[in-house]
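Mapping the sequence shown onto my numbering, position 199 (from 1) lands on 184, and the numbers just tick up by one. All residues carry an ideal CB built from backbone N, CA and C; glycine is no exception. Here is the structure we will look at.
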Amino acid sequence: MCWKGSVIAKNIIRGTSEHGYACLPAFFHMVELLNPGSSYSIMVNRMDGSFVYYFLVFKACIRGYAHMRKVIAIDGTHLYGKYGGILLSTVAQDTENHIFSIAFYVIYKENDASWTFFFQKLKSIIEDEPDLYVISDRHISIVNVFSRVYSHAHHRLCMRHLAENLRANQHCGEHLYLFYAMAKAYYFDDFSDNFMELKSKCPEVAHVFENMLGFEK
């Protein structure tokens, strides 16, 4: 009874999940009034009208990106409300390493279709250029879709996500300092020295780099 009462109280104060999704068009209307030139796109299931995707970018973020480095990072976090889903965000950095938000995207699950929709919308804001680098985790749908939409830009792997994968799958936690030294090396000789030491101490990780990922990632 106490739990059910708390749910009712939260719905009265915050509104229901259904009401929140229904208010998305009205929310963007207010965004457009306060920040003209912002962009959004919402997709619903044609059969039952249920939510599928929502993409939002503020005009201020579009203007600000012109002054950022040509390196963007994409990451997501799970939503733990009634309907779940995933919130994706795209960020960049300025010349002083400050994080700058660019776009936000809500999906019901990660697959080729949702990532295709995301990259197509992102491309309308961030041009496909040979000096653009996009960093993400190793999700298979990103690998499948990215080069279809961004044919000139480059996809690279997030150092932190990759380190966690190596820790979990190759059990090399005590040698990860060598991986970080490799990833942060500015000179090839430094990279090579750290890799050779890592290879001698944890050959399973070296195998991943040499035969599965490729050093360019």
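Every unbroken stretch of the beta strand (DSSP E) spanning 3 or more residues and falling wholly within the region 52 to 86 is given here in chain order: 56 to 63, 71 to 78. Residue pairing for Ser24: DSSP places it in a beta bridge opposite Val42. A straight-line Cα-Cα distance of about 14 Å links Glu182 and Glu195.
Counting only the Cα atoms, Asn150 lies some 20 Å from Leu73.
Between the region 164 to 183 and the region 135 to 143, the count of C-beta pairs closer than 8 Å stays below three; the two stretches do not touch.
Following the DSSP letters along the chain, one finds Leu147 in no beta strand (DSSP E) but inside the alpha helix (DSSP H) bounded by residues 144 to 155. Residues of the same chain with a CB within less than 8 Å of the CB of Leu64, apart from the 5 flanking positions on each side, are Gly70, Ile71, Leu72, Val91 in chain order. With 16 or more other Cβ atoms from the protein chains shown falling within 10 Å of its own Cβ, Met53 counts as buried. For Val134, the enclosing alpha helix (DSSP H) has its first and last residue at 125 to 134. Within the same chain, Cβ atoms closer than 6 Å to the Cβ of Lys67 are found at Ser2, the five residues on either side in sequence being excluded. Between Ile57 and Ile87 the beta-carbon gap is near 7 Å, inside 8 Å, which marks them as a contact. Shown here, Arg141 sits in a strand according to DSSP, grouped into three states. Ranked by Cα distance from Ser121, the first of Leu147, Leu107, Ala98, Arg133 is Leu147. If you draw a 10 Å sphere on the C-beta of Cys187, you find 16 or more other C-beta atoms in it, and that means buried. Judged by their CB atoms, Asp97 and Ser126 are nearer to each other than the 7 Å cut-off.
Look at Ile110 here: in three-state DSSP terms it is coil, with no helix or strand label.
Residue environment analysis places Cys46 among the buried positions, since at least 16 neighbouring C-beta atoms fall within 10 angstroms of its C-beta. One alpha carbon belongs to Thr75, the other to Arg152, and they sit about 26 Å apart. Take Phe131, set aside five residues on each side of it, and the residues of its chain with a beta-carbon closer than 6 Å to its own are His140, in chain order. Annotated as proximal: Phe36 and Tyr6, with beta-carbon spacing under 7 Å.
Between Ala166 and Leu19, the alpha-carbon positions lie close to 45 Å from each other.
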